[in-house]
Amino acid sequence: MSELNIPNEPDIWQRLKEETQPIIIYGTGNGADKILDELLRIDVTVQGFMASDDFVRGQHFRGYSVKKLSDLEKEYGSLLILIAFGTQRPEVMDNIVRIAERHTVLCPDVPVYGEKIFHKSYVLQHKDELKRVYDLLSDELSRQTFQNVIRFRLSGELSTLTSVYSPKEEVFQNILHLTDDEYYLDLGAYRGDTIDEFLTHTNDQYRGITALEPDAKTYQKLKLHVSSMPCVQTFKMGIWSENTDLPFDASLGRGSSLSAKGSTCLPVTTIDTLFAKRNVSYLKMDVEGAESEAITGGKMVIARDRPKLNIALYHRTEDIFHLPLLLHSIQPSYRFYIRQHPHIPDWDLNLYAI
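Laid out in structure tokens, this is it:
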């Protein structure tokens with residue numbers, strides 16, 4: 127088996143400190159805020175912000191005018207463009223590729239949740255944990271994906287990410303092998319799209335489904351979506367390491383999450399509470415940065431039932447090593463796989479276990 131190779135070259139942030147081309151940030155959301163904050167911290171000057179032509183309407187962001195790419199090209203010529211938003215829409219990803227044919231395009235890694243940045247010093251600090259995860263991975267594609275995601279997060283080079291894209295269909299065919307007798311626990315069920323995905327791969331047959339969705343408006347759509355399905359129960363709750371109530375921020379749509387800044391109070395429960403007296407065979411978890419707490423609150427069930435796992439691995443910087451190692455400590459017999467599904471940046475990086 128190959129060994130994990132930690133790149134020796136400077137990371138993207140060091141490269142940007144030495145950059146001579148005008149630096150433009152593409153995007154004006156939370157990711158742009160985090161990238162700009164980090165650039166200011168390391169004393170790197172940004173020349174401007176851009177948005178797609180259809181979204182430029184004279185707006186400003188952090189004191190900068192938001193401009194079209196064509197206007198920035200007239201002003202500066204050749205550019206270094208930093209992608210500061212996430213997308214899985216093919217037409218948007220294709221546009222980024224076209225821009226990269228004319229300019230240098232990089233994608234800095236900033237966490238969806240939390241403050242830790244994937245600097246080279248961070249990688250070296252956690253080198254042993256990363257190597258332990260690499261050695262746990264069960265196939266060559268997982269190891270190559272893991273290696274390339276580390277390279278991508280350090281370099282910002284999109285080609286290191288796109289070269290390991292894998293369709294979700296491959297996971298269901300080659301790894302999960304769902305049957306018609308699964309009991310499915312969907313944590314972060316949204317409007318029911320992942321329930322539909324599940325049903326596609328079980329020919330609409332299953333033993334039962336439990337789905338949690340914390341956002342009130344989204345929950346009503348989920349409840350309506352599954353209303354005619356037998357043996358399905360839904361809860362407007364979050365998942366956590368204990369049964370309690372926590373502040374919830376519902377302002378981000380699909381990205382709504384448990385947050386100290388939240389204006390509403392949300393009941394949260396644990397996997398062990400939900401399945402204390404019954405078994406779960408397939409567990410999907412995409413809970414906006416609460417994955418570690420959710421796993422901690424499911425230690426008994428995970429160890430007892432050894433459910434097939436489908437877990438988001440990208441919300442927090444530490445998730446890439448912390449979550450696999452936490453699961454391994456709970457159920458050492460798991461075989462782990464990692465796949466990067468098409469997305470810019472790596473926001474559809476998932477951990478699978480059987």
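In the working numbering, each residue carries its 1-based index in the sequence shown increased by 126. Just so it is clear, CB atoms sit at the ideal spot from N, CA and C, and this is done for glycine as well. This one's a predicted model, so the numbers in the text were calculated from it and none came from an experiment.
Query raised in the report: Does DSSP put A479 in a helix, a strand or coil?
Result: The sequence position of residue 479 within the sequence shown is 353, counting from 1. If DSSP states are grouped into helix, strand and coil, A479 belongs with the strands.
Query raised in the report: Taking the alpha-carbon positions, what's the E295 to S191 distance?
Result: Taking the first residue of the sequence shown as 1, we reach residue 295 at position 169. Taking the first residue of the sequence shown as 1, we reach residue 191 at position 65. If you take the alpha carbons of E295 and S191, they lie about 42 Å apart.
**Report entry** Secondary structure, alpha helix (DSSP H): runs of 4+ residues fully inside the segment 249-326
**Finding:** 253-262, 266-281, 284-288, 294-297 and 319-326
Requested in this report: Identify every residue that forms a DSSP beta bridge with T370.
Outcome: Here residue 370 refers to the residue found at position 244 when the sequence shown is read from its first residue. Answer is V394.
Query raised in the report: Mapping DSSP to helix, strand and coil, what is M355?
Result: On the sequence shown, residue 355 is found 229 positions in, with the first residue counted as 1. It is coil, neither helix nor strand.
Query raised in the report: So G318 and V352 are in contact, right, with Cβ under 8 Å, and what is the actual spacing, rounded?
Result: Position 192 of the sequence shown holds residue 318. Position 226 of the sequence shown holds residue 352. Their Cβ separation, rounded to whole angstroms, is 6 Å, which keeps G318 and V352 in contact under 8 Å.
Query raised in the report: What distance in whole Å lies between the Cβ atoms of L263 and N274, which are believed to be in contact at a cut-off of 8 Å?
Result: As a first step, residue 274 is located in the sequence shown; it is residue number 148 there, counting from the start. As a first step, residue 263 is located in the sequence shown; it is residue number 137 there, counting from the start. That pair is no contact at about 13 Å.
Query - Where F181 falls: helix, strand or coil (DSSP) - result: Here residue 181 refers to the residue found at position 55 when the sequence shown is read from its first residue. F181 falls in the helix class under three-state DSSP.
**Report entry** contact_flag[the segment 169-176, the segment 138-156] where n(CB pairs < 8 Å) is 3 or more
**Finding:** yes
Query raised in the report: How big is the Cα-Cα spacing for K425 and M363?
Result: Translated into the one-based positions of the sequence shown, residue 425 becomes position 299. Translated into the one-based positions of the sequence shown, residue 363 becomes position 237. Their backbone Cα atoms lie some 19 Å apart in a straight line.
Query raised in the report: For the segment 417-434 against the segment 224-239, are there 3 or more C-beta pairs whose distance is under 8 Å?
Result: no
Query - Three-state secondary structure assigned by DSSP to L439 - result: As a first step, residue 439 is located in the sequence shown; it is residue number 313 there, counting from the start. DSSP places L439 in coil when its eight states are reduced to three.
Query raised in the report: Using the C-alpha atoms, what's the distance from I243 back to D445?
Result: Within the sequence shown, numbered from 1, the residue matching residue 445 stands at position 319. Within the sequence shown, numbered from 1, the residue matching residue 243 stands at position 117. Rounded to the nearest angstrom, the two C-alpha atoms are 12 Å apart.
Report task. Have a look at T370 and E339 and give me their C-alpha separation to the nearest angstrom. Result -> Counting from 1 along the sequence shown, the entry for residue 370 is found at position 244. Counting from 1 along the sequence shown, the entry for residue 339 is found at position 213. Distance between the alpha carbons of T370 and E339: 16 Å.
Requested in this report: Report buried or exposed for A479, applying the criterion of at least 16 other Cβ atoms within 10 angstroms of its Cβ.
Outcome: Taking the first residue of the sequence shown as position 1, residue 479 is located at position 353. Per the 10 Å Cβ criterion, buried.
Query raised in the report: So F211 packs on G155, CB below 8 Å; how close in whole Å?
Result: Numbered from 1 along the sequence shown, position 85 holds the residue referred to as residue 211. Numbered from 1 along the sequence shown, position 29 holds the residue referred to as residue 155. Contact holds; Cβ gap of about 6 Å.
Query raised in the report: If you draw a straight line from the C-alpha of K193 to the C-alpha of G184, how long is it?
Result: Taking the first residue of the sequence shown as position 1, residue 193 is located at position 67. Taking the first residue of the sequence shown as position 1, residue 184 is located at position 58. The straight-line gap from Cα to Cα measures roughly 8 Å.
Query raised in the report: Exposed or buried, which one is M355 when buried takes at least 16 other CB atoms within 10 Å?
Result: Along the sequence shown, one-based indexing puts residue 355 at 229. Exposed, since its Cβ has fewer than 16 Cβ neighbours within 10 Å.
Requested in this report: Counting only runs of 4+ residues fully inside the segment 410-478, write out the alpha helix (DSSP H) ranges in chain order.
Outcome: 417-422, 425-431 and 445-456
Query raised in the report: For S196, which of helix, strand or coil comes out of DSSP?
Result: Taking the first residue of the sequence shown as 1, we reach residue 196 at position 70. The answer is helix: DSSP assigns S196 an H, G or I state.
Report task. Can you grab the Cα-Cα spacing for the pair V223 / S204, in whole Å? Result -> Taking the first residue of the sequence shown as position 1, residue 223 is located at position 97. Taking the first residue of the sequence shown as position 1, residue 204 is located at position 78. In a straight line, the C-alpha of V223 is about 16 Å away from that of S204.
Query raised in the report: How close, in whole Å, do the beta carbons of K434 and L302 come, if the pair is a contact with beta carbons under 8 Å?
Result: The residue labelled residue 434 in the question sits at position 308 within the sequence shown. The residue labelled residue 302 in the question sits at position 176 within the sequence shown. 5 Å between Cβ atoms; contact.
Requested in this report: Would you grab the beta carbon distance between Q214 and D474 for me? Rounded to a whole angstrom, and I think it's under 8 Å.
Outcome: By 1-based counting over the sequence shown, the position of residue 214 is 88. By 1-based counting over the sequence shown, the position of residue 474 is 348. The pair is a contact, with the Cβ atoms about 6 Å apart (cut-off 8 Å).
**Report entry** Boundaries (first-last residue) of the beta strand (DSSP E) holding L165
**Finding:** Residue 165 sits at position 39 when you count from the first residue of the sequence shown. Run containing L165: none in the beta strand (DSSP E); it sits in the alpha helix (DSSP H), N156 to R167.
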